[in-house]
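Heads up, the sequence shown is in this note's numbering, so the first residue is 3 and it goes up one at a time. To start, the structure itself, in structure tokens.
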Amino acid sequence: MADEMFILLGWAWDIDTATRLAARYPARHIDIRPLAWARAVIAIDPAHAATADLTRPLLAVRLPHATTPLVIDGWHRIHRALTTGVHELPAVVLGRADERACRILGGSVRTVSET
């Protein structure tokens with residue numbers, strides 16, 4: 003079982019695996035303001051968010067049949083940035099094969115792996 007997972011609407015990703023895979027990709031700065039709405043459905047711990055490292059890149063994946071990447075790691079960073087007036091953060095978007103490698107539930111994956 004993954005040490006850290008991101009779960010949303012029946013999909014789940016192994017963040018440890020995603021972090022390892024992300025090392026192969028360049029980070030680029032993205033405008034996070036369009037993501038502000040999602041804080042209403044993502045559990046945010048304000049105390050943890052206050053200590054989030056804004057230099058650490060967000061991790062995002064492209065879902066099958068979706069046009070916009072989904073942030074799977076970095077919601078506390080997004081919250082801190084938006085509440086302190088920061089509008090851009092570094093982000094890494096995993097390729098489709100790497101998204102599939104770290105996905106543990108959702109789409110064609112039916113159960114969480116116990117390995």
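C-beta: ideal position from N, C-alpha, C; glycine also.
{"Item": "Boundaries (first-last residue) of the beta strand (DSSP E) holding H31", "Value": "30-33"}
{"Item": "Within 8 Å, strictly: CB atoms of G76 and W13", "Value": "no"}
{"Item": "Environment of W39 [buried if 16+ CB atoms lie within 10 Å]", "Value": "exposed"}
{"Item": "At least three beta-carbon pairs within less than 8 Å, the region 58-75 to the region 15-34", "Value": "yes"}
{"Item": "Beta-carbon contacts of L37 that lie in its chain and below 7 Å, excluding the five residues immediately before and after", "Value": "V73, I80"}
{"Item": "A52 versus L10, P28, H78, L91, residue with shortest Cα-Cα distance", "Value": "H78"}
{"Item": "Straight-line gap, H67 to R105 (C-alpha atoms, nearest Å)", "Value": "15 Å"}
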